[in-house]
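When we follow this note's numbering, the leftmost residue of the sequence shown carries the number 11, and every step to the right adds one. Heads up, the beta-carbon is just placed ideally off N, CA and C, and yes, glycines get one too.
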Amino acid sequence: MMPVHASARGMTLVAPQQVILDGLLGQALAANRAGRLSTFIVDEHSAPISIFGQAHKQQNHEGDWYGEHAGKWLSATARAVAQGGHPQLQAALRRVADWLVSQQDPDGYLGNYAAERRFTVPQPPKPESWNGEPALRTWDIWTHSYLILGLLETWRALGDAAYLQAACRIADLCWQALESGIDITTLGNHHGMSATVLLDPAADLYLVTAEPRYLALAERILQQANANPRLALLDKALAGEDAAFIATGKAYQLSWNLVGLAKLHKATGNPAYRTAVDKLWQNIREQHLTLGGGPWGGVAHRSREVFNAPRTFFPQAYVETCSVLAWMQLNRELLAITGHARYADELERTAYNDLLAAMAPNGEDWCYYTYPNGRRIHTTYWRCCKSSGAMAVEELPQVAYGVAADGGLRVNLYGPGQANLAHAQAGQVHLQQVTRYPFDGTVAITVRPEASAAFSIGVRIPGWADNATITINGQPQAVEAGSDGFVQLQRSWQAGDCIELRLPMPPRLHHAANINVQESRAPDGSPVAQEVLRWEYVGLSRGPLVYATGLVDGYKTDETLRLPTAPPAQWLQVGEDAGEGAPITLLLDDRAPLHWEPYYRCGGRGHGSWRLSWLSLAPTD
11 MMPVHASARG MTLVAPQQVI LDGLLGQALA ANRAGRLSTF IVDEHSAPIS IFGQAHKQQN
71 HEGDWYGEHA GKWLSATARA VAQGGHPQLQ AALRRVADWL VSQQDPDGYL GNYAAERRFT
131 VPQPPKPESW NGEPALRTWD IWTHSYLILG LLETWRALGD AAYLQAACRI ADLCWQALES
191 GIDITTLGNH HGMSATVLLD PAADLYLVTA EPRYLALAER ILQQANANPR LALLDKALAG
251 EDAAFIATGK AYQLSWNLVG LAKLHKATGN PAYRTAVDKL WQNIREQHLT LGGGPWGGVA
311 HRSREVFNAP RTFFPQAYVE TCSVLAWMQL NRELLAITGH ARYADELERT AYNDLLAAMA
371 PNGEDWCYYT YPNGRRIHTT YWRCCKSSGA MAVEELPQVA YGVAADGGLR VNLYGPGQAN
431 LAHAQAGQVH LQQVTRYPFD GTVAITVRPE ASAAFSIGVR IPGWADNATI TINGQPQAVE
491 AGSDGFVQLQ RSWQAGDCIE LRLPMPPRLH HAANINVQES RAPDGSPVAQ EVLRWEYVGL
551 SRGPLVYATG LVDGYKTDET LRLPTAPPAQ WLQVGEDAGE GAPITLLLDD RAPLHWEPYY
611 RCGGRGHGSW RLSWLSLAPT D
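What follows is the structure, encoded as structure tokens:
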């Protein structure tokens with residue numbers, strides 16, 4: 011089977027085995043592999059896998075989502091195995107994947123539901139509900155979507171065609187079900203979005219195999235998603251609808267649908283698909299992210315996991331770790347499609363803040379929800395976000411570096427580590443980052459090509475960085491971003507050349523407000539808009555890291571501040587960095603100083619600890 015290559019791809023992301031991440035991200039990877047990936051599933055007797063056994067599935071009439079863990083674990087573990095050096099994980103991956111394949115039915119079914127509850131059985135008409143659940147609640151398509159992705163990653167890591175064939179057989183069964191007249195939006199909740207996520211693995215299979223049936227499957231899924239008036243995925247996106255008003259606005263599921271739509275654009279080159287993804291990406295980026303880069307929701311809605319209405323700000327709102335995964339995957343796809351640095355900016359912001367803020371240092375415990383202001387709660391055994399977080403961590407090696415369409419090399423994420431990238435004239439090019447980033451803004455990148463050659467190396471100036479400087483072997487370089495957002499350093503590179511990037515990291519204040527505007531029309535038809543509510547807040551960051559404080563004065567979950575009138579540099583005091591980010595002290599006129607530290611580790615990353623990243627501002631006349 012020959013892979014399909016997307017036309018005009020902006021950047022080729024590197025294979026996991028080409029990258030080693032050290033520092034903060036490397037610690038997260040090591041913890042993930044020693045924790046979640048090594049303990050949650052070890053063989054076919056592990057609870058998340060044994061539910062796929064023939065005897066168990068025939069008795070399963072629940073129709074719940076627990077089967078998703080298998081595919082998520084396969085995906086994350088396969089990427090860890092692909093990096094090498096994990097023989098126990100590799101043995102467990104092969105054993106679990108082989109056993110799952112052995113449980114696949116002759117028709118291709120590989121789920122964990124009794125026969126009458128499967129997605130291949132037409133459902134009775136469903137009653138109207140706020141989130142469009144099927145009449146018989148089922149997550150069968152959802153589970154199979156993750157299984158296809160997990161089997162694909164296992165095939166990439168281990169090379170056994172049986173895993174690719176098993177994934178294809180699932181997709182073939184899905185195609186037969188839709189060909190029989192089943193509407194995929196009747197098989198999932200949130201007006202079908204938990205089933206239309208099949209768009210992602212269907213498009214992925216086509217990109218891998220070039221089998222037209224899988225492209226037809228992806229197009230059929232999108233057509234049915236668009237024909238559902240509550241969802242209308244493509245039409246609403248093209249019309250500029252806010253993400254909160256597409257279906258129920260479920261952040262995780264909508265973002266995953268957009269990952270599939272981005273892959274379908276890669277497969278077809280259809281500009282409408284790209285436009286739809288771009289519009290919703292921009293909307294989510296501007297209206298629906300926390301300061302730490304995670305999609306958030308939960309304000310004045312019956313579900314905690316849907317996007318808030320536009321321009322809604324509430325520091326106690328929720329960030330679901332599953333949504334963090336889907337948002338990172340969407341930025342991964344757009345980085346590959348466009349090669350633009352803005353998507354690397356978002357990946358880095360999310361990784362260093364809301365992703366790490368959800369993860370415990372042991373790599374096993376995760377928060378289902380994180381809150382800009384709230385208590386850290388490690389979630390329970392079966393929760394979805396534990397596996398999503400593990401998957402998200404394993405996204406990091408492949409997005410850290412890339413090769414542009416013109417052959418130039420790109421450094422997407424900053425942090426200690428190294429990569430080996432291929433270049434047509436230079437052969438293997440070894441890039442090594444020596445840095446304390448994200449705690450310090452000095453990044454030294456040593457370049458070692460196999461053969462001296464002329465090519466570009468693109469370095470990214472993060473959106474928060476002002477007055478950045480770049481030198482090569484001590485010689486200053488122009489800091490001018492190209493059309494892809496990277497500063498492209500073009501020269502004939504010799505072994506030992508050193509790029510030094512200096513990114514100043516002064517503390518930065520961020521202002522936000524919860525505003526309510528009452529809108530109506532006067533008798534003559536003219537618009538009337540009156541602001542009736544305004545609560546203003548201030549947050550703090552330094553470099554890529556969001557900062558937070560614990561309970562104020564040891565017990566307050568909130569505090570109202572009156573900021574000094576002097577320039578912030580006079581009352582934002584950066585302390586000594588003991589190795590994991592310099593503390594920052596706010597020296598205020600009318601109260602004791604407030605001490606802040608990086609958000610991800612505030613409270614020692616312990617269960618039950620409090621983190622406050624926004625404090626309210628005193629009203630002004």
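- Between Y379 and V329 the beta-carbon gap is near 6 angstroms, inside 8 angstroms, which marks them as a contact.
- Scanning its chain for C-beta atoms nearer than 6 angstroms, with the 5 sequence neighbours on each side dropped, one finds around A429 the residues Q28, V29, Y411, L441, in chain order.
- A Cβ-Cβ separation of about 7 angstroms places D476 in contact with P514 under the 8 angstroms criterion.
- Pairing A92 with L225, the inter-Cα distance amounts to about 27 angstroms.
- Per DSSP, reduced to three states, the secondary structure at S313 is coil, with no helix or strand assignment.
- Per DSSP, the continuous alpha helix (DSSP H) segment holding N236 begins and ends at 222 to 237.
- Restricting attention to Y610, A57, L519, G614, the CA atom closest to the CA of L596 is found in L519.
- Annotation for W545: the continuous beta strand (DSSP E) segment containing it runs 537 to 552.
- A straight line joining the alpha-carbon of E356 with that of P320 spans about 20 angstroms.
- Residue burial is scored here from C-beta neighbours: W392 has fewer than 16 other C-beta atoms within 10 angstroms and is therefore classed as exposed.
- In this structure, the alpha-carbon of C332 lies about 11 angstroms from that of W376.
- Taking a cut-off of 8 angstroms for Cβ pairs, the segment 344 to 359 and the segment 276 to 292 touch, as three or more such pairs fall below it.
- Rounded to whole angstroms, the separation of the alpha carbons of M203 and N238 is 10 angstroms.
- In the assembly as shown, K566 is an exposed residue. Its beta-carbon has fewer than 16 other beta-carbons within 10 Å.
- For L511, the enclosing beta strand (DSSP E) stretches over residues 507 to 512.
- Between the C-alpha atoms of L271 and P281 there is a straight-line separation of about 11 angstroms.
- Restricting attention to Q583, L561, L159, the CA atom closest to the CA of W624 is found in L561.
- Under the three-state reduction of DSSP output, M21 falls in the strand class.
- Between the beta-carbon of Q443 and that of G427 there is about 6 angstroms, and that keeps the pair under the 8 angstroms contact cut.
- Its chain contains L345, A346, I347, T348, G349, H350, A414, A415, D494 as the residues whose beta carbon lies nearer than 8 angstroms to that of G20, once the 5 sequence neighbours on both sides are disregarded; these appear in chain order.
- Annotation for N267: no beta strand (DSSP E) segment contains it, though the alpha helix (DSSP H) segment containing it runs 261 to 278.
- Cβ neighbours of P603 within its own chain (closer than 7 angstroms, five residues either side excluded): T595, L596, L597.
- When the Cα atoms are used, Y123 and T630 turn out to be separated by approximately 60 angstroms.
- The straight-line gap separating the alpha-carbon atoms of Q37 and S466 is approximately 30 angstroms.
- Judged by DSSP secondary structure, V409 falls outside any beta strand (DSSP E) and instead within the alpha helix (DSSP H) spanning 406 to 409.
- By a beta-carbon distance limit of 8 angstroms, A400 contacts N42. Their separation comes to about 5 angstroms.
- Assignment of L197 by DSSP, reduced to helix, strand and coil, places it in the helix class.
- The segment 34 to 72 is shown to contain no whole beta strand (DSSP E) run of 3 or more residues.
- Annotation for S626: no alpha helix (DSSP H) segment contains it, though the beta strand (DSSP E) segment containing it runs 625 to 627.
- Counting of Cβ neighbours within 10 angstroms places H55 among the exposed residues, the total staying below 16.
- R352: member of the alpha helix (DSSP H) spanning 351 to 360, first to last residue.
- P211 sits close to S155, with the two beta carbons spaced by under 9 angstroms.
- Each of M369, E404, E405 was checked against the Cα of T389, and the nearest Cα belongs to M369.
- The three-state secondary structure of Y119, taken from DSSP, is coil.
- Counted as a single uninterrupted DSSP element, the alpha helix (DSSP H) harbouring L159 occupies residues 150 to 168.
- Taken atom to atom, the span from the alpha-carbon of A579 to that of G437 is near 48 angstroms.
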